[in-house]
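Visitor:
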Amino acid sequence: MNIGITCYPTYGGSGIVATELGMELAARGHHVHFITYANPIRLDPDTPRIDYHEVEVSNYPLFQYPPYCLALASRMAEVADCYALDLLHVHYAIPHSIAALLAQQMLAPKRRLPFVTTLHGTDITLVGVDRSYFPITKFSIEQSDGVTSISEDLRAQTADVFGIARPIEVIHNFVNCDLYHSNDAKKEAAQFAPAGEKLLIHLSNFRPVKRVLDCIRILAEARKNTPAHLLMVGDGPDRGPAELLARQLDVAGHVTFLGKQNHVERLIPLAHALLMPSEMESFGLAALEAMACSVVPVATRVGGVPELITDGVDGFLEAVGDIPAMAARVTSLLTDEDLHYRMSKAGRWTASARFCSEKIIPQYESHYKEVIERAG
Ligand code: GMT
Numbered sequence: 001m002n003i004g005i006t007c008y009p010t011y012g013g014s015g016i017v018a019t020e021l022g023m024e025l026a027a028r029g030h031h032v033h034f035i036t037y038a039n040p041i042r043l044d045p046d047t048p049r050i051d052y053h054e055v056e057v058s059n060y061p062l063f064q065y066p067p068y069c070l071a072l073a074s075r076m077a078e079v080a081d082c083y084a085l086d087l088l089h090v091h092y093a094i095p096h097s098i099a100a101l102l103a104q105q106m107l108a109p110k111r112r113l114p115f116v117t118t119l120h121g122t123d124i125t126l127v128g129v130d131r132s133y134f135p136i137t138k139f140s141i142e143q144s145d146g147v148t149s150i151s152e153d154l155r156a157q158t159a160d161v162f163g164i165a166r167p168i169e170v171i172h173n174f175v176n177c178d179l180y181h182s183n184d185a186k187k188e189a190a191q192f193a194p195a196g197e198k199l200l201i202h203l204s205n206f207r208p209v210k211r212v213l214d215c216i217r218i219l220a221e222a223r224k225n226t227p228a229h230l231l232m233v234g235d236g237p238d239r240g241p242a243e244l245l246a247r248q249l250d251v252a253g254h255v256t257f258l259g260k261q262n263h264v265e266r267l268i269p270l271a272h273a274l275l276m277p278s279e280m281e282s283f284g285l286a287a288l289e290a291m292a293c294s295v296v297p298v299a300t301r302v303g304g305v306p307e308l309i310t311d312g313v314d315g316f317l318e319a320v321g322d323i324p325a326m327a328a329r330v331t332s333l334l335t336d337e338d339l340h341y342r343m344s345k346a347g348r349w350t351a352s353a354r355f356c357s358e359k360i361i362p363q364y365e366s367h368y369k370e371v372i373e374r375a376g
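For what it's worth, the numbering used here labels the leading residue of the sequence shown as 1, then goes sequentially.
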C-alpha cells in the first residue's frame, strides 16, 4: 500500500506511535509518506520506502495565525495525487483530521481518497472537549473513513462525550521488543549514581497532566527508606517547578534532568522502576516501553492504563496523587529483589505477548484494507 501519515513531529506519544508505525509498515513492504511540518523526531528519512514531505506554512502580515491546516491539506492532496496514495492516516484529531477531509474533497473529482484518524488521548480528553474545538472534533471523527483509538477507555469516552455511534476500532499502542529490551548496563547506570543507588526513571513532555512534581515527591519519600536516584527525561512547562521542588525537598543531588533524548531505549533499561503518576493517560506508552525493558512501572489507575498494567503482577497502580502509596511501591521494588525479578519478567512478557509490533501492526494493516475496500 502507499500510505500517507501525518502527526505532530515533536516529542509526544502520538508522534512517536505514528513514526514507529510508519517505519514498521515500511519494513513490511509498504511505501510510507510522512506529511508533516518537520521531520518526526524518531524518523530516519533514509529508511527504505520512507519519504518525508515537508509542509511549509508561509506567513503574511495579515495573518495573526498562519493557516497551518490549509497548508497541510494542500500538501496532503498534492502528495496523494503525485504518489498515488491509497489512504491517509492522521494521528491526533486536531487539526489533522480536518486537513485530511479537505484533501479528500480536493481529490474528489478524480477519485475517493479515504482517511483514517487515530485518537491518542488529549485530542479528545483535553483539547477536543474544549468548547471551541468540540463541534469540529466531533465532525472530523464522524467524517473519517476509519477511526481507531489507542485504548478501550478512550473509545468509550469518545463515544460517550461526543455522542458518536460510529464504530471506533481499538488498536493499542505497541513497542518494538527487539529494540526495547533489558541489558546489563550497570556501568552506564553508575554515571548517574556513582554511590550505586538504584535508578528510577520518568519520561514525558512535562505537561501538567503528567504530574511530574509527584515524581520528585515520590523520590523524596522513598529515599527515607532506601537510596535511589531519579532520571527525568523530557522537557516542558513543569520542568522548572520540578527542579525547584527537588531543591526545596533537599533531593536535588539525587535527580538528574536529562532533557529531551532521542534514544530512550538506551536509558530506560538502566532503571529499576518507571514513575508515571499522570492525572490522565489514555494508554501510557512510556510504561509499555519500560515493561519491554523489564523496568517495572509504578503508575496511576487512570484512563487506559489498566488495559496495559495488571496491578501487582507486571506493575503497580495507585490513586492519582497518592504519594505515600507510590513511594511504598517504589521502596518494595528497590529492596525486594524477588519481587522486582518476578514483576520485571511479567512486564516483559506482557509487552511481548500482547503489545509487540508483530501483534499490533497487522491490526492497522487490516483496518486499512477494510477502509480502502469500503471506499471502493
Ligand atoms: O501524553 C501526552 O501528553 C502526549 C500524548 C500525545 O498525543 O502525543 O500522548 C497520548 O498518546 C500516547 C500515544 O498514543 C498515549 O500512550 C498517551 O497515554 C496519551 N496521553 C494522554 O492521554 C495524556
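Using N, Cα and C, we set each Cβ at its ideal position, and we do this for glycine too.
Taking all protein chains shown into account, do 16 or more other C-beta atoms lie within 10 angstroms of the C-beta of Val-298, making it buried, or fewer, making it exposed?
Guide: As a first step, residue 298 must be located in the sequence shown, where it is residue number 298. Flag for Val-298 reads buried.
Visitor: Answer yes or no: do Asn-173 and Ile-150 have a C-beta to C-beta separation smaller than 9 Å?
Guide: As a working note, residue 173 is residue 173 in the sequence shown. As a working note, residue 150 is residue 150 in the sequence shown. Taking 9 Å as the Cβ cut-off, Asn-173 and Ile-150 qualify as a contacting pair.
Visitor: Touch check for the segment 215-233 and the segment 253-270: three-plus C-beta pairs under 8 Å?
Guide: Touching, per the Cβ criterion.
Visitor: Using beta-carbon positions only, say whether Pro-48 and Ala-26 come within less than 9 Å of one another.
Guide: Here the question's residue 48 lines up with position 48 in the sequence shown. Here the question's residue 26 lines up with position 26 in the sequence shown. Yes, the pair counts as a contact, with Cβ atoms nearer than the cut-off.
Visitor: How should His-202 be labelled, buried or exposed, when 16 other C-beta atoms within 10 angstroms of its C-beta is the threshold for buried?
Guide: Taking the first residue of the sequence shown as position 1, residue 202 is located at position 202. Under this definition His-202 is a buried residue.
Visitor: On a Cα-Cα basis, can you pick out the residue from Ser-58, Ser-366, Tyr-83 and Tyr-92 that is closest to His-31?
Guide: Taking the first residue of the sequence shown as 1, we reach residue 31 at position 31. Closest by alpha carbon: Tyr-83.
Visitor: Given the structure, does Asp-214 come close to the ligand GMT, in the sense that its CB is under 8 Å from one of the ligand's heavy atoms?
Guide: Residue numbering aside, residue 214 sits at position 214 when the sequence shown is read from its first letter. Asp-214: no, Cβ never under 8 Å from the ligand GMT.
Visitor: Ala-327 to Gln-157, Cα distance in whole Å?
Guide: Taking the first residue of the sequence shown as 1, we reach residue 327 at position 327. Taking the first residue of the sequence shown as 1, we reach residue 157 at position 157. Looking at the two C-alpha atoms, the distance is approximately 30 Å.
Visitor: Can you round the beta-carbon distance between Val-313 and Leu-267 to whole angstroms, since I take them to be within the 8 Å contact cut?
Guide: As a first step, residue 313 is located in the sequence shown; it is residue number 313 there, counting from the start. As a first step, residue 267 is located in the sequence shown; it is residue number 267 there, counting from the start. Not a contact, Cβ separation roughly 25 Å.
Visitor: Please check the pair Met-280 and Val-170, which I expect to be a contact at CB under 8 Å, by giving their CB distance rounded to whole angstroms.
Guide: On the sequence shown, residue 280 is found 280 positions in, with the first residue counted as 1. On the sequence shown, residue 170 is found 170 positions in, with the first residue counted as 1. With 8 Å as the limit, Met-280 and Val-170 do not qualify as a contact, their Cβ atoms being about 17 Å apart.
Visitor: Can you grab the Cα-Cα spacing for the pair Leu-274 / Ile-94, in whole Å?
Guide: One-based indexing of the sequence shown puts residue 274 at position 274. One-based indexing of the sequence shown puts residue 94 at position 94. The alpha-carbon atoms of Leu-274 and Ile-94 are separated by roughly 30 Å.
Visitor: Using a Cβ-based criterion (distance less than 8 Å to any ligand heavy atom), does Glu-281 qualify as near the ligand GMT?
Guide: Counting from one through the sequence shown, the residue named residue 281 turns up at place 281. For the ligand GMT, at least one heavy atom lies less than 8 Å from the Cβ of Glu-281.
Visitor: Ignoring anything shorter than 4 residues, give me the alpha helix (DSSP H) runs that lie fully in the segment 151-176, in order along the chain.
Guide: Within the segment 151-176, the complete alpha helix (DSSP H) runs of at least 4 residues are 152-162.
Visitor: Using the Cα positions of Met-291 and Asn-59, report the straight-line distance between them to the nearest angstrom.
Guide: Start at 1 with the first residue of the sequence shown, and residue 291 comes out as number 291. Start at 1 with the first residue of the sequence shown, and residue 59 comes out as number 59. Those two C-alpha atoms are separated by around 44 Å.
Visitor: Between Thr-117 and Ser-132, is the Cβ-Cβ spacing less than 9 Å?
Guide: Here residue 117 refers to the residue found at position 117 of the sequence shown. Here residue 132 refers to the residue found at position 132 of the sequence shown. Cβ atoms of Thr-117 and Ser-132: not closer than 9 Å.
Visitor: Going by C-alpha distance, which of Ala-271, Glu-152, Val-305 and Ser-352 is nearest Gly-196?
Guide: What you label residue 196 is simply residue 196 of the sequence shown in a count that begins at 1. Of Ala-271, Glu-152, Val-305 and Ser-352, the residue nearest in Cα terms is Ala-271.
Visitor: Under 8 Å, with one C-beta from each stretch per pair, do the segment 65-79 and the segment 98-112 reach the 3-pair mark?
Guide: The answer is yes - the segment 98-112 touches the segment 65-79, with three or more Cβ pairs under 8 Å.
Visitor: List the residues that DSSP assigns as beta-bridge partners of Thr-36.
Guide: Position 36 of the sequence shown, counted from the first residue, corresponds to residue 36. In the DSSP output, where bridge partners are listed per residue, Thr-36 has Glu-54.
Visitor: Does any CB atom of chain C fall closer than 9 Å to the CB of Cys-215?
Guide: Protein chains in the displayed structure number just one, and chain C is not present.
Visitor: In whole angstroms, what is the alpha-carbon distance linking Pro-237 and Phe-206?
Guide: In the sequence shown, counting from the first residue as 1, residue 237 sits at position 237. In the sequence shown, counting from the first residue as 1, residue 206 sits at position 206. Spanning the two alpha carbons is a distance of roughly 6 Å.
Visitor: Evaluate Arg-155 with the Cβ neighbour count: other Cβ atoms within 10 Å of its Cβ, from every protein chain shown; 16 or more gives buried, anything less gives exposed.
Guide: Within the sequence shown, numbered from 1, the residue matching residue 155 stands at position 155. Arg-155 should be labelled buried.
Visitor: With a cut-off of 8 Å on the beta carbons, I'd call Met-23 and Ile-3 a contact; round off their distance for me.
Guide: The residue given as residue 23 occupies position 23 in the sequence shown. The residue given as residue 3 occupies position 3 in the sequence shown. Not confirmed; about 12 Å, so no contact.
Visitor: What's the gap between the Cα of Arg-342 and the Cα of Asn-262?
Guide: The sequence position of residue 342 within the sequence shown is 342, counting from 1. The sequence position of residue 262 within the sequence shown is 262, counting from 1. Approximately 30 Å, taken between the alpha carbons.
Visitor: Can you give me the start and stop residues for the alpha helix (DSSP H) that Pro-61 sits inside?
Guide: As a working mapping, residue 61 is identified with position 61 in the sequence shown. It is not in any alpha helix (DSSP H) - Pro-61 carries neither H nor E in the DSSP assignment.
Visitor: Thinking C-alpha only, which one of Val-212, Asp-81 and Ser-366 is nearest Gly-321?
Guide: In the sequence shown, counting from the first residue as 1, residue 321 sits at position 321. Comparing Cα positions, the closest option is Val-212.
Visitor: With a threshold of 16 other CB atoms inside 10 Å of the CB of Pro-9, please say whether the residue is buried or exposed.
Guide: Sequence index remark: in the sequence shown, residue 9 carries index 9 (1-based). The residue is buried, with at least 16 neighbouring Cβ atoms inside 10 Å.
Visitor: Any heavy atom of the ligand GMT inside 8 Å of the beta-carbon of Ile-16?
Guide: Position 16 of the sequence shown, counted from the first residue, corresponds to residue 16. True, at least one ligand heavy atom lies under 8 Å from that Cβ.
Visitor: Less than 8 Å between C-beta atoms, sequence neighbours within five positions excluded: which residues of the same chain meet that for Asp-123?
Guide: For the purposes of this step, residue 123 is taken as the residue at position 123 of the sequence shown. Excluding residues within five positions, the ones whose Cβ falls inside 8 Å are Ser-14, Tyr-92, Ala-93, Ile-94 and Thr-137.
Visitor: Skipping 5 residues on each side, what residues in its chain have a beta carbon closer than 7 Å to that of Leu-285?
Guide: Counting from 1 along the sequence shown, the entry for residue 285 is found at position 285. Excluding residues within five positions, the ones whose Cβ falls inside 7 Å are Gly-13, Ile-16, Val-17 and Asn-173.
Visitor: Given this structure, state the Cα-to-Cα distance separating Thr-36 from Glu-54, to the nearest angstrom.
Guide: Reading the sequence shown from its first residue, position 36 is the one you call residue 36. Reading the sequence shown from its first residue, position 54 is the one you call residue 54. Roughly 5 Å between the two C-alpha positions.
Visitor: Mapping the DSSP letters down to three states, classify Glu-318 as helix, strand or coil.
Guide: Mapped onto the sequence shown, residue 318 falls at position 318. Strand.
Visitor: Since Leu-72 is in the alpha helix (DSSP H), which residue starts that stretch and which ends it?
Guide: Along the sequence shown, one-based indexing puts residue 72 at 72. Where Leu-72 is concerned, the enclosing alpha helix (DSSP H) stretches over 68-82.
Visitor: Checking 9 Å against the spacing of the C-beta atoms, do Asn-225 and Thr-331 come in under that value?
Guide: Within the sequence shown, numbered from 1, the residue matching residue 225 stands at position 225. Within the sequence shown, numbered from 1, the residue matching residue 331 stands at position 331. Closer than 9 Å, so yes.
Visitor: From Leu-88, Ser-357, Gln-64 and Pro-324, pick the residue whose C-alpha is nearest to that of Ala-222; which is it?
Guide: On the sequence shown, residue 222 is found 222 positions in, with the first residue counted as 1. Closest option to Ala-222, Cα to Cα, is Pro-324.
Visitor: Check for me: the alpha helix (DSSP H) holding His-96 runs from which residue to which?
Guide: Taking the first residue of the sequence shown as 1, we reach residue 96 at position 96. Start and end: 96-107.
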